[in-house]
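Worksheet: the structure to be examined is printed underneath.
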Amino acid sequence: LSLLHLFYINRPWAYRKAMILVVKFWTLRSLNLIGIHVHQKGQTVQSSENFLVVSNHLSYLDILLITSQFPSCFVTSMEIKETPFLGYITELGGCLYVERRSKENLHQEIQQITVALEKGFNVTIFPEATSTNGEKVLRFRRPLYQAAISSKKPVLPICLNYKFLNYQKVNKANRDTLFWYGDMNFLSHLWQLMGQESIHVEIELLPSLPIIEVVDTQILAEKSHNLVSHSFIPVT
81 LSLLHLFYIN RPWAYRKAMI LVVKFWTLRS LNLIGIHVHQ KGQTVQSSEN FLVVSNHLSY
141 LDILLITSQF PSCFVTSMEI KETPFLGYIT ELGGCLYVER RSKENLHQEI QQITVALEKG
201 FNVTIFPEAT STNGEKVLRF RRPLYQAAIS SKKPVLPICL NYKFLNYQKV NKANRDTLFW
261 YGDMNFLSHL WQLMGQESIH VEIELLPSLP IIEVVDTQIL AEKSHNLVSH SFIPVT
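Under the working numbering, residue 316 is the last one in the sequence shown; the count climbs by one each step, no gaps.
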């Protein structure tokens, strides 16, 4: 990987594209190795198209799951970048970072996402702006949708449903083995997760939302939230 970095040292976007493909290759194999099975359903997208992808958010696993099916440049928080091990993995995968603790650099962050979309990357965001316990899909925050409008790229909503853990339906009793939220410790959670026998997850690609002249960020956030919420199966 360091040789790859040297080869692309003066071409950061080409390096990011190469790393996304490398990470997809290894993610597919790693998920199979540790017993995580991913089923994709929903609409088919053309490889010639790229999107601002929006998804509900339940765990750090979400990034690996989406990467395995849909190569993408992720947008995540500076808190994740500063998390040991997890920060290294996200950098390796070519993530873009936003500072959710301050809005000072919001315009610059939107511009960075816009450029990535214009260069043909799929860019994935988690507009809930946090991971959850799986009881509902939180309101989607609107600012980063501006990148789709500025680049004139459609929005592709994705719904993640964690279905089974060790062949038992995911429920309130076992969800904390999968979902990472609140003030959970990353390393202890990862250690527990690695000891599981089997995990089944469903990824649904929902109808894309084209960018039209009258659209605004509020409309995009509400429409994509409605689609994801309708397909999401709350944990009970």
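Note that beta-carbon positions come from the ideal geometry of N, C-alpha and C, so glycine has one too.
- Task: Indicate whether Val195 and Cys175 have their beta-carbon atoms separated by less than 9 Å.
- Result: One-based indexing of the sequence shown puts residue 195 at position 115. One-based indexing of the sequence shown puts residue 175 at position 95. No, they are not a contact pair.
- Is it buried or exposed for Asp142, if we count other Cβ within 10 angstroms and need 16 for buried? The sequence position of residue 142 within the sequence shown is 62, counting from 1. The residue is buried, with at least 16 neighbouring Cβ atoms inside 10 Å.
- Integer Cβ distance of Ser157 from Tyr177, believed to fall under 8 Å: Mapped onto the sequence shown, residue 157 falls at position 77. Mapped onto the sequence shown, residue 177 falls at position 97. Indeed, because the Cβ distance is near 7 Å, the residues count as touching under 8 Å.
- Task: Identify, in the order they occur along the chain, each residue of the same chain with its Cβ nearer than 8 Å to the Cβ of Leu84, setting aside the five sequence neighbours on each side.
- Result: Here the question's residue 84 lines up with position 4 in the sequence shown. The predicted position of Leu84 is uncertain, since its pLDDT is 46 and thus under 50; a value taken from the coordinates is nonetheless stated next. Tyr95, Ala98, Met99, Val102, listed in sequence order.
- Message: Would Leu218 and Ala228 qualify as a contact pair, given that the criterion is a beta-carbon distance under 9 Å?
- Response: Stepping through the sequence shown from its first residue, residue 218 is reached at position 138. Stepping through the sequence shown from its first residue, residue 228 is reached at position 148. Not a contact, by the Cβ cut-off of 9 Å.
- Query: Closest to Pro223 by CA distance: which of Ile299, Asn265, Gln123 is it?
  - Reply: Counting from one through the sequence shown, the residue named residue 223 turns up at place 143. Considering only alpha carbons, the answer is Ile299.
- Does the region 181-190 come within contact of the region 253-270, defined as at least 3 CB pairs closer than 8 Å? no
- Task: Measure the C-alpha to C-alpha separation of Lys303 and Ser311 and round it to an integer number of angstroms.
- Result: Here the question's residue 303 lines up with position 223 in the sequence shown. Here the question's residue 311 lines up with position 231 in the sequence shown. Answer to the nearest angstrom: the Cα atoms are 13 Å apart.
- Message: With H, G and I counted as helix, E and B as strand and the rest as coil, what does DSSP make of Tyr247?
- Response: Within the sequence shown, residue 247 is the residue found at index 167, counting from 1. It is coil, neither helix nor strand.
- To the nearest angstrom, report how far apart Leu86 and Asn306 are at their CA atoms. Against the sequence shown, residue 86 aligns to sequence position 6. Against the sequence shown, residue 306 aligns to sequence position 226. Residue placement at Leu86 cannot be trusted, given a pLDDT of 45 that sits under 50; the coordinates are not used to answer.
- Item | Cα-Cα separation between Leu81 and Asp256, rounded to whole angstroms | Within the sequence shown, the letter at position 1 stands for residue 81. Within the sequence shown, the letter at position 176 stands for residue 256. Because Leu81 sits at a pLDDT of 47, beneath the cut-off of 50, its placement in the model cannot be relied upon, and the following sentence gives the value as read from the coordinates. About 33 Å.
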